[in-house]
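In our numbering, each residue carries its 1-based index in the sequence shown increased by 2. First the structure, in the form of structure tokens, and then the observations on it.
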Amino acid sequence: MFLKNAWYVAGWDSELVGDALLARRLLGTNVVFYRGEDGTPVALEDRCCHRLAPLSHGQREGNCVRCMYHGLLFDATGRCVDVPGQERISDKLRVRSYPLVERDHLLWIWMGEPSLADPAQIHDSHWHDAPGWTAERGGYIHYKSNVHLITDNLLDFSHLAFVHNKSIGTRKQGGVKPEVTFSEESVSVRFTTIEGAPPPFARQLSKLPDLVDRFNFYVWNIRGNYFAQDSVIAPPGDGYGSQSPLAMKLHTFIALTPADEGSSHYFWSTAHNDFTTDIVDVTRQLTAQVTAAFEEDRNIIEAQQRSIDASPGAPMIAIAADGTLLRIRRMVDGMAAAEQARPVEQTLVFQPAARV
3 MFLKNAWYVA GWDSELVGDA LLARRLLGTN VVFYRGEDGT PVALEDRCCH RLAPLSHGQR
63 EGNCVRCMYH GLLFDATGRC VDVPGQERIS DKLRVRSYPL VERDHLLWIW MGEPSLADPA
123 QIHDSHWHDA PGWTAERGGY IHYKSNVHLI TDNLLDFSHL AFVHNKSIGT RKQGGVKPEV
183 TFSEESVSVR FTTIEGAPPP FARQLSKLPD LVDRFNFYVW NIRGNYFAQD SVIAPPGDGY
243 GSQSPLAMKL HTFIALTPAD EGSSHYFWST AHNDFTTDIV DVTRQLTAQV TAAFEEDRNI
303 IEAQQRSIDA SPGAPMIAIA ADGTLLRIRR MVDGMAAAEQ ARPVEQTLVF QPAARV
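Set out below in structure tokens:
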């Protein structure tokens, strides 16, 4: 059961190039994406209403897409505008279109009730192009696991000392308790380590001293399932707002979009400040370190999913550190149940995608 009345990341703007059609499964539904001749991104149900062939096997024509089985042509609203050899076109010949917004290099899709889609709710990722920051965009990982296992991992800092002991974690982090703040539809996590050893990647890429203060501030938006993290690694005593040229500051964005119950899309980006370093290609090396850490997560989570699948019904025995995760899971389940209980519109509202 997925929350559908939410803006989810569907992809990166760079994935829609020229006449290309992009097929992607989101929230248990197959969707086809393309960029119209006018540059506007479009999202349609990836299933021709005639013989149910996937439109992603078709071709783009102008601002439309043509099914290459029997040639039906659909515009950006999902309406059929051409049937070869047939003059009159039934109003029933249409596929569902989804509100789609292109912003800060991300493609955001709304798969719930179209009338509730408000682009003002979309997360601000302006730092993808912000002065003073160098951003690495376009990150993507396909996970063979349920999205909840990935969410649990990202909100659980106790694993850093073990899963990431060779990359971004240190053993001292294992016993630190984060500060967690709950709001109606989001969770904020603050994780601080004072006068500890820098993580391996910071030792390699920066000129930070042997002891540093680390500040991690997470905000997780439940509706849309995305994370925004600010991280600061600074000389001792400088604090979160350190102005030291040695301080390493990172913005990390992660969006988790379910493909279905057993697989997920993991979109990510990271940006860093101009900290003092002797490394010429520091952005490339930092990105490689982040990528390696994400792969460490994927390896353990996919192994966990395989173990769960092999033992259906086996219980997970909670420990004290799981209190936050259990509360979060109850919040998610409650929101999904409330959404399922509300009346569903019987008449679909078809509208073209917006480009912002």
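Just so you know, even glycine gets a beta-carbon here, dropped at the ideal spot from N, CA and C. Keep in mind it's a predicted model, so treat the numbers as computed, not measured.
Give the single residue among the options whose Cα lies nearest to the Cα of residue i.
i      : options                        : result
Asp120 : Asp15, Leu288, Arg300, Asn7    : Asn7
Asn155 : Ala312, Asn301, Pro43, Glu47   : Asn301
Arg98  : Lys251, Gly80, Pro201          : Gly80
Val214 : Gly73, Arg225, Ser233          : Ser233
Gln206 : Arg331, Asn32, Thr289, Leu327  : Thr289
Pro133 : Pro211, Ala273, Asn227         : Ala273
Arg27  : Gly140, Ser266, Leu327         : Ser266
Leu108 : Arg332, Trp270, Asp84, Val292  : Trp270
Glu341 : Gln306, Asp299, Glu263, Glu115 : Glu115
Arg216 : Phe159, Asp93, Gly226          : Phe159
Ser16  : Tyr71, Gly30, Pro86, Gly141    : Gly141
Arg37  : Glu63, Leu29, Thr285           : Glu63
Ala261 : Gln306, Ile321, Met113         : Met113
Asp240 : Val282, Arg225, Thr195         : Thr195
Leu252 : Pro317, Thr285, Arg225         : Thr285
Val292 : Val334, Asp212, Ile143, Pro314 : Ile143
Arg332 : Arg308, His150, Glu39          : His150
Arg96  : Pro247, Ser246, Glu47          : Glu47
Lys94  : Cys82, Val282, Val334, Pro314  : Cys82
Taking residue i and residue j to be in contact with their CB atoms under 8 Å, please state how far apart those CB atoms are, rounded to whole angstroms.
i      : j      : result
Ala277 : Ala249 : The sequence shown places Phe at residue 277, not Ala. Contact holds; Cβ gap of about 6 Å.
Cys69  : Ala78  : Incorrect: roughly 15 Å between the Cβ atoms, too far for contact.
Tyr10  : Ile152 : Actually they are not in contact, since the Cβ atoms of Tyr10 and Ile152 sit about 14 Å apart, beyond 8 Å.
Arg49  : Asn32  : 6 Å
Ile330 : Leu157 : 6 Å
Pro238 : Glu297 : About 31 Å separates the two Cβ atoms, so there is no contact after all.
Val34  : Leu18  : Not quite, the Cβ-Cβ distance comes to about 11 Å (not below 8 Å), so this is no contact.
Met337 : Leu118 : Not quite, the Cβ-Cβ distance comes to about 14 Å (not below 8 Å), so this is no contact.
Ala322 : Leu328 : 11 Å between Cβ atoms; not a contact.
Does the distance from the CB of residue i to the CB of residue j come in under 8 Å?
i      : j      : result
Lys146 : Glu304 : yes
Trp110 : Ala204 : no
Leu74  : His52  : yes
Ala137 : His130 : yes
Thr254 : Gln231 : yes
Ala236 : Ser244 : yes
Arg139 : Ile124 : no
Val67  : Leu23  : yes
Pro202 : Leu210 : no
Tyr100 : Ala25  : no
Asn148 : Gly264 : yes
Thr259 : Asn227 : yes
Gln61  : Asp21  : yes
Thr279 : Ser208 : yes
Indicate whether at least one CB of chain D lies closer than 8 Å to the CB of residue i.
i      : result
Leu156 : No chain D appears in the structure shown, which is made up of a single protein chain.
So what does residue i bridge to, in DSSP terms?
i      : result
Gln123 : Partner(s): none; Gln123 has no beta bridge.
Met250 : Ile235
Ile256 : Phe229, Trp270
Phe35  : Leu24, Ala45
Ser190 : Thr183, Val221
Arg300 : Paired residues: none, contrary to the question.
Thr79  : Answer by DSSP bridge pairing: none, since Thr79 is not bridged.
Gln291 : Paired residues: none, contrary to the question.
His144 : His267
Gln88  : Val85
Arg308 : Partner(s): none; Arg308 has no beta bridge.
Trp9   : Trp112
Thr153 : Paired residues: none, contrary to the question.
Gly198 : Val214
Thr136 : His274
Val67  : Arg62, Phe76
Arg96  : Arg81
Asp262 : Ser265
Trp14  : Leu108
Looking at residue i and the ligand ADP, is the gap between the Cβ and the nearest heavy atom below 7 Å?
i      : result
Phe193 : The ligand ADP is not part of this structure, which contains no ligands at all.
Count the CB pairs spanning the stretch 216-225 and the stretch 182-194 that are closer than 8 Å, and state whether there are at least three. Yes, they touch.
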